[in-house]
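Data block below; observations after.
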Amino acid sequence: HYFIQSNLRFVMSIYYAVVARKTTILTKYAQYAGNFDQVTNEILRKVDRDGKLTYTHDKYLFHYIASDMITYLCITDEDFPRSKAFGFLNDIMERFQRQYGSAAKTALPYAMDSDFSKVLQSQVRYYVENPESGTITKVQSEIDDLKQIMVKNIDTLSQRGERLELLVDKAEDLTNQSTQFQRQSRDLRRAMFWKNVKMYLAIGVVGFVIFWIILSISCGGVSIPKCRS
């Protein structure tokens, strides 16, 4: 059973936004502290085709658009208009595809976070704080036809009866958390670089040993006397 819990009552807001390839997070932004990754992972691992869907539970809505192997997801409160939420996701999808294209299909975790988390932060603020965003997304919602986007209870994700809590703490505003994500992304790229260096060195050593063995056999021994004469 999935249970979503909050210790505070919020105004209409987008709490969290993420762009992922299956469960591999490419970039994300959280307006408040919370265990968002744990909860959204349960949704992301269930996405197996292109489409749009809203999951509901308690006072939260989970909206996503899946397109070309990439999932664009956000968490809002129940009062935040679905038209604005999907308008936000369409906006993010267009910006992300325009900026990264097919590179997202093979990118490492958080590869786009240093740059695109700032875009997520900016657009979250715009869609939450700008009243005019409603008129923009109204046209988009007519195109998308929200009535065709299914709404499911998040309990349908549960197959083993787990209890999952989404804990949100508005007291800890993460507006400046992009620095932390950038550091994580940089550290991950550095670790992958050195891992590749070690792998190539190991391959080089093995290759040299094999070459030396073949050379020794062909030249009459380790001191390669036949090849010296």
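For what it's worth, our numbering labels the leading residue of the sequence shown as 12, then goes sequentially. Where a beta carbon is used, it is the ideal one built from N, C-alpha and C, also for glycine.
Member of the options whose CA lies at the smallest distance from the CA of residue i
i	options	result
P120	C230, R93, Q134 and M203	M203
F73	R136, I25 and K129	I25
I54	N141, I36 and I221	I36
D102	F219, I228, W205 and S133	S133
Inter-residue spacing [alpha-carbon to alpha-carbon] between residue i and residue j
i	j	result
S80	M104	The amino acid occupying residue 80 in the given sequence is Met; Ser does not appear at that position. Looking at the two C-alpha atoms, the distance is approximately 12 Å.
R93	R201	40 Å
D90	F99	15 Å
M297	V217	Because the chain spans 12 through 240 in this model, residue 297 falls outside it and cannot be assessed.
D48	F107	20 Å
L199	S125	12 Å
A118	L226	41 Å
Y138	M23	10 Å
C230	C238	5 Å
F222	V208	21 Å
Q110	D69	35 Å
I228	K206	33 Å
8 Å Cβ cutoff met for residue i and residue j
i	j	result
T87	A77	no
V30	Y83	yes
T67	N52	no
Y27	A44	no
K63	I214	no
L131	T38	yes
Y75	V58	yes
Anticipated Cβ contact below 8 Å, residue i with residue j, distance rounded
i	j	result
A115	R32	6 Å
Cβ shell of residue i (< 6 Å), same chain only, five flanking positions each side left out
i	result
F127	T38
R56	T34
L212	none
Residues of its chain near residue i, where Cβ-Cβ distance is below 7 Å and the 5 sequence neighbours each way are ignored
i	result
V162	T65 and T67
C85	I25, Y27, A28, H74, A96, F99 and L100
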